[in-house]
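Protein chains: 2
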Amino acid sequence: MERRQQVKKSRLSADDWADAALAAIGAGGGLAAVAVEPLAARLGATKGSFYWHFGNREALIEAALARWVETDTEQIIAAMQTEPDPEKRLRRLFTEVTRPAKHDPLELSLLASVGHPQVAAALKQVTERRIGYLTGLFTELGFTDAEARRRGLMAYNFYLGHTQLGHAVPSALPSAAEFPGYVEAVVGALLQRA
Amino acid sequence: MERRQQVKKSRLSADDWADAALAAIGAGGGLAAVAVEPLAARLGATKGSFYWHFGNREALIEAALARWVETDTEQIIAAMQTEPDPEKRLRRLFTEVTRPAKHDPLELSLLASVGHPQVAAALKQVTERRIGYLTGLFTELGFTDAEARRRGLMAYNFYLGHTQLGHAVPSALPSAAEFPGYVEAVVGALLQRA
DNA sequence: GTACCTCCATACGCCAGCGTATGGAAACCA
DNA sequence: TGGTTTCCATACGCTGGCGTATGGAGGTAC
Numbered sequence: 003m004e005r006r007q008q009v010k011k012s013r014l015s016a017d018d019w020a021d022a023a024l025a026a027i028g029a030g031g032g033l034a035a036v037a038v039e040p041l042a043a044r045l046g047a048t049k050g051s052f053y054w055h056f057g058n059r060e061a062l063i064e065a066a067l068a069r070w071v072e073t074d075t076e077q078i079i080a081a082m083q084t085e086p087d088p089e090k091r092l093r094r095l096f097t098e099v100t101r102p103a104k105h106d107p108l109e110l111s112l113l114a115s116v117g118h119p120q121v122a123a124a125l126k127q128v129t130e131r132r133i134g135y136l137t138g139l140f141t142e143l144g145f146t147d148a149e150a151r152r153r154g155l156m157a158y159n160f161y162l163g164h165t166q167l168g169h170a171v172p173s174a175l176p177s178a179a180e181f182p183g184y185v186e187a188v189v190g191a192l193l194q195r196a
Numbered sequence: 003m004e005r006r007q008q009v010k011k012s013r014l015s016a017d018d019w020a021d022a023a024l025a026a027i028g029a030g031g032g033l034a035a036v037a038v039e040p041l042a043a044r045l046g047a048t049k050g051s052f053y054w055h056f057g058n059r060e061a062l063i064e065a066a067l068a069r070w071v072e073t074d075t076e077q078i079i080a081a082m083q084t085e086p087d088p089e090k091r092l093r094r095l096f097t098e099v100t101r102p103a104k105h106d107p108l109e110l111s112l113l114a115s116v117g118h119p120q121v122a123a124a125l126k127q128v129t130e131r132r133i134g135y136l137t138g139l140f141t142e143l144g145f146t147d148a149e150a151r152r153r154g155l156m157a158y159n160f161y162l163g164h165t166q167l168g169h170a171v172p173s174a175l176p177s178a179a180e181f182p183g184y185v186e187a188v189v190g191a192l193l194q195r196a
């Protein structure tokens, strides 16, 4: 999720504010960084603009989350669908999603702000979509429903942990040289038959 | 990490404040919840007490984190050492650490606040200790150093993801009935020989 | 029992961010 | 070109949290 630094624009739209909010969340401040006045400064505007587009801070959060939910997960899943073989798809998905450059601080920040009800709802939606996709993938690979769900969960948990670790303690991740072997080991463990 | 609600105490120690800070972090507010005046209210005291024990808010955070680092990880590791067989130890560790009741919001909150330099340092310490322990465990099980490190990482990532998921979207976790099979599947995957 | 030392309450000034009110500029329309 | 609508800047009050200053209560020492 690349969200560009907004520099200046004579007139702003509600989406401009929502994007700025997401950028601010991802920039490390967490949900607390969605603060009207600092955002206004960053956009080269003032609160006057904001309170014309939104009723209050909550409304902005709502809009920003809605934007995140609909764009973030679907485009990755869609990108995978060009590969017909489910095993290769899993391998590609993991390679893609653990790429060191992929770091998505926004998602981590949202995970961190799950205390907020609107964030919790957005996360639930996205999480279920993803785990569902993974589970389906293992079903395609011939596992029973129960086993597919277990492995879908394992896969997602691993992804979450990896992302978290890469953000919090990047030095603990494997080096670039070790990386392929590491990803392969994970996928191998996930695919192994009893 | 059970940190009791402090109710009232005629005189407070610095550790009382540090514990209250950890409790507040864990209670969902994240690092932002380490706020002097609310904490004082909660302890039935006032800022006067706080600023006698600490120079400022930063000093409190520092003290709280130090307390967390030294108590949290070591006691779990120590508890495992009664089991001589490394495979059983791994199984026991995972069972223990994924127990639904185990939910440790404090750790999640710290992960979320990794933007703060002191938190980052504390997390690095704890993370390396844990991954090191897991890696050693796989070494004991006869894996090569490189393989042991890979599996140690996989195990830790899984743990992190599981914890995260349990906190953010608990409904996505397996039900109580599915739980043993789920844990066993994970441990099985981790122990699988090539 | 008095002098001192430890710990804390109260009161204060300061700053940042939220939300409101109001006037005005820019675009659009006729 | 005059009116209307859209969008925004400025100014204001309010709240909550940080840090400081000061006085005082309750132990302790002798």
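So the sequences go chain by chain: A and B. Residue numbers for the first sequence, in the numbering used here: 3 to 196. Residue numbers for the second sequence, in the numbering used here: 3 to 196. We put the beta carbon where it would ideally sit given N, CA and C, even for glycine.
Spatial neighbours of residue i within its chain, please: C-beta separation below 7 Å, excluding the five flanking residues on both sides.
| i | result |
| --- | --- |
| A/A150 | T137, F140 and T141 |
| B/Q120 | I63, E64 and L67 |
| B/D147 | T141 |
| A/V116 | A122 and L125 |
Does chain A have any CB closer than 8 Å to the CB of residue i?
| i | result |
| --- | --- |
| B/V189 | no |
| B/E130 | yes |
| B/Q120 | no |
| B/K270 | Missing from the structure shown is residue 270 of chain B; chain B here goes from 3 to 196 and no further. |
| B/Q83 | no |
Can you find a heavy atom of the ligand ATP that lies under 7 Å from the Cβ of residue i?
| i | result |
| --- | --- |
| A/A187 | Absence of the ligand ATP from the depicted structure is noted, as is the absence of any ligand whatsoever, leaving it without description. |
Can you tell me which of the three DSSP states residue i falls into?
| i | result |
| --- | --- |
| A/R101 | coil |
| A/F56 | coil |
| A/H118 | coil |
| B/V128 | helix |
| A/A26 | helix |
| A/Q166 | helix |
| B/T137 | helix |
| A/P176 | coil |
| B/A187 | helix |
| A/F181 | helix |
| A/A123 | helix |
In whole angstroms, what is the alpha-carbon distance linking residue i and residue j?
| i | j | result |
| --- | --- | --- |
| B/E76 | A/W19 | 45 Å |
| A/K173 | A/R101 | For clarity, residue 173 of chain A is Ser in the given sequence; the question names Lys instead. Their Cα atoms are separated by approximately 15 Å. |
| A/F56 | B/R59 | 34 Å |
| A/Q180 | A/H105 | It should be noted that the sequence gives Glu, not Gln, for residue 180 of chain A. Taking the straight line from one Cα to the other gives about 18 Å. |
| B/V128 | B/T84 | 21 Å |
| B/G168 | B/L92 | 20 Å |
| B/P107 | B/G30 | 7 Å |
Using beta carbons (cut-off 8 Å, strictly below), is residue i in contact with chain B?
| i | result |
| --- | --- |
| A/L108 | no |
| A/H55 | no |
| A/G138 | no |
| A/R152 | yes |
| A/P176 | yes |
| A/I78 | no |
Apart from the five residues on each side of it in sequence, which residues of its chain come closer than 6 Å, Cβ to Cβ, to residue i?
| i | result |
| --- | --- |
| A/A157 | L136 and L192 |
| B/G32 | S111, A114 and S115 |
| B/R131 | T75 |
| B/P176 | Y184 |
| A/A23 | V36, L62 and A66 |
Quick one: which unbroken alpha helix (DSSP H) runs of 4-plus residues sit fully inside the region 46 to 92 of chain A? Chain order, please. 49 to 55 and 59 to 82
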